[in-house]
Every structure is written in structure tokens, then in C-alpha cells.
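In the numbering used here, the protein residues as written are 516 to 789. Heads up, the beta-carbon is just placed ideally off N, CA and C, and yes, glycines get one too. Computed from a prediction, not measured in an experiment: that's the story for all the values here. Here the structure comes first, spelled out in C-alpha cells, and everything after it is commentary.
Structure (C-alpha cells):
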């Protein structure tokens, strides 16, 4: 299946208009130039540089280990691969927690040196002043709240279990308040992680900006966030099983490498080489 390639540049007003029209937004998380090109061509409205790159591509045990310098390298690569979608980049743990001045400095660096369009702030509901400060600096903010990698322990949940969790229904009023606070602070969209089918719709109805979600999201949100690697089954563990994904790239890659190794050992011509 080949999706038609739109050349119309996505804008924040266009993204917000999709919510008003009841149209779902697509956000793919990518971490390299090649995947960013594919995500952009597939029609995503947002291509996001997630702080989980350290876990999913580099084998780190927790996303809190990622640094700003590492995020910058990845964000620059993704920016080069995207021509029409909005590019978002996560703050690593630290700049937001250190205060508004630090947060603004980090946001400026991501926009000026990496060329991103949005900055995504994990745990931003506890730092509305920083959201306001970044917004005043002219930088669009995409806050992440709910059960997130940087805030999961606040809810007594280990990060590794976050994929199967959802925010408790009794927190509905608190999370609606958080969403409204972030919108008032200037957020242009929200990433509500582990929203669940009760709290999620309530937040969507409470704010006028798009609410997207990854883990724990569903059709009740204004859009979905999905890692490209997860969508295509790019995980070494998939070699020995058939995952519930849109493809099993790991198995295809493994079989190709086995065949290439066989050709090398047999002194045969390698495919793709003259």
C-alpha cells in the first residue's frame, strides 16, 4: 500500500482545525533520517523525537538517562528527513525541572540549532510558569501529562509497566484541571499518556486544543502517537514470533542478514554491489 504524499506543509492552526472538524491527527515517533522521511511521506501531522530513543535504539534501561546533547543529534537527523510535518522534540529530564530560565534556554536551543517546530515537555502540568515563559519566547509547547516516563512514579507505577496502565478514573477532575491549566499557559496541543476511556474523553471535551496520546490512548482522543519502530515491528525479539504489528521488519531484516552472511561465506556476489 502506497499512501499519497501530500506536499501541503502542516501548521499549528491546521492541526488545531482538525480537532474542530473531528479529524484525527497522526504523530509518529522517529529517531533517524530514513524513518523520518517515511513517517513524513506516510502523512503524519507530527513527527516526534521521543526521549525513549535511549531505551528503544540504544539499550539504555530508562529514558531518564537521555541527555540534551543526544536529543539534539537525533532531532537534527529527523529534521533533515521531514519536509511537511511538524517536528517535535522531547526535553530530556532536567531543563524543565531546573526552572523557567533553564527551560527557555533548552527550548531555544532545540528550535535554533535543531530546527524543531514544537517542544514536548514531560510533566509540564507541574511547571505552568515554564510553559508560559517558553510560549512568550515564541516557541510552541506540546506538554505531556498523565502516566509518563518522567512522572510514572508519582502514581506509584514503574515505567516498565506504564504501557499497560491507565490513569485512575477518580483523578478525572484533577487531570481536567491540569489540561485547562496547560492550555491557559499557552500549550498548542497536549500529549495525554495513559488517558483511558473515561478520563480521556473528559479532557478532550474540556480543552479547545488537540489532545493526542500514545500508551493508553484510543479513539476517544483527537489523535494518536505511535513509535515507528513499534508500528513496523522493529524489535529483535520479533525474530522468533509474529508480533501484533503492521509488519515484522525485524524478521525481514534478520532473514536478509543471514542470506547476506551466507553469500559472503560462499564467495558469492552480494546483492546491491557491482
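By Cβ distance, which residues of its chain are closer than 6 Å to residue i, with the 5 residues on each side in sequence left out?
{"i": "residue 676", "result": "Low per-residue confidence applies at residue 676: pLDDT is 47, beneath 50, and the placement is therefore not dependable, though the value from the model is reported in the following sentence. Nothing meets the Cβ criterion."}
{"i": "residue 581", "result": "566, 569, 607"}
{"i": "residue 698", "result": "722, 724"}
{"i": "residue 826", "result": "Nothing about residue 826 can be reported from this structure: the residues present for the chain run from 516 to 789 only."}
{"i": "residue 554", "result": "543, 545, 562, 743"}
Report the option in the options whose CA atom is closest to the CA atom of residue i.
{"i": "residue 634", "options": "693, 572, 704, 681", "result": "704"}
{"i": "residue 642", "options": "628, 611, 771", "result": "611"}
{"i": "residue 657", "options": "700, 557, 556, 538", "result": "700"}
{"i": "residue 590", "options": "631, 727, 627, 695", "result": "631"}
{"i": "residue 524", "options": "626, 621, 601, 744", "result": "601"}
{"i": "residue 794", "options": "696, 561, 744, 718", "result": "In this structure the chain extends from 516 to 789, so residue 794 is not present and cannot be described."}
{"i": "residue 530", "options": "561, 781, 548, 597", "result": "561"}
{"i": "residue 729", "options": "779, 773, 660", "result": "660"}
{"i": "residue 742", "options": "592, 544, 651, 748", "result": "544"}
{"i": "residue 663", "options": "653, 652, 637, 683", "result": "637"}
{"i": "residue 740", "options": "549, 552, 528, 564", "result": "564"}
{"i": "residue 732", "options": "536, 749, 541, 585", "result": "541"}
{"i": "residue 653", "options": "754, 627, 640", "result": "627"}
{"i": "residue 706", "options": "737, 689, 692", "result": "737"}
{"i": "residue 651", "options": "640, 538, 623", "result": "623"}
{"i": "residue 551", "options": "768, 597, 689", "result": "597"}
{"i": "residue 559", "options": "620, 533, 787", "result": "533"}
{"i": "residue 726", "options": "522, 584, 538, 521", "result": "538"}
{"i": "residue 640", "options": "625, 609, 694", "result": "694"}
{"i": "residue 526", "options": "775, 599, 625", "result": "599"}
At what residues does the alpha helix (DSSP H) containing residue i begin and finish?
{"i": "residue 531", "result": "527-536"}
{"i": "residue 772", "result": "764-780"}
{"i": "residue 686", "result": "That residue, residue 686, is in no alpha helix (DSSP H); it is neither H nor E in DSSP."}
{"i": "residue 647", "result": "643-651"}
{"i": "residue 556", "result": "548-556"}
{"i": "residue 715", "result": "714-721"}
Would you mind reading off the limits of the beta strand (DSSP E) that contains residue i?
{"i": "residue 633", "result": "633-637"}
{"i": "residue 741", "result": "738-742"}
{"i": "residue 661", "result": "656-661"}
{"i": "residue 544", "result": "540-544"}
{"i": "residue 728", "result": "726-728"}
{"i": "residue 708", "result": "705-708"}
With a threshold of 7 Å on Cβ separation, who are the neighbours of residue i within its own chain once the five nearest residues in sequence on each side are excluded?
{"i": "residue 629", "result": "587, 590, 591, 594, 604"}
{"i": "residue 578", "result": "566, 567, 569, 570, 664"}
{"i": "residue 735", "result": "712, 715, 716, 719"}
{"i": "residue 769", "result": "754"}
Quick one: residues in its chain with C-beta nearer than 8 Å to the C-beta of residue i, no 5 flanking neighbours on either side, listed in chain order?
{"i": "residue 748", "result": "758, 760, 761, 762, 763, 764, 765, 766"}
* contact_flag[the stretch 608-624, the stretch 643-660] where n(CB pairs < 8 Å) is 3 or more -> yes
* Mind listing, in chain order, the continuous alpha helix (DSSP H) runs of no fewer than 4 residues lying wholly within the stretch 559-626? => 568-571, 583-596
* Asked: At a cut of 8 Å, does the stretch 709-721 reach the stretch 684-696 through at least three beta carbon pairs?
  -> Yes, the stretch 709-721 is in contact with the stretch 684-696.
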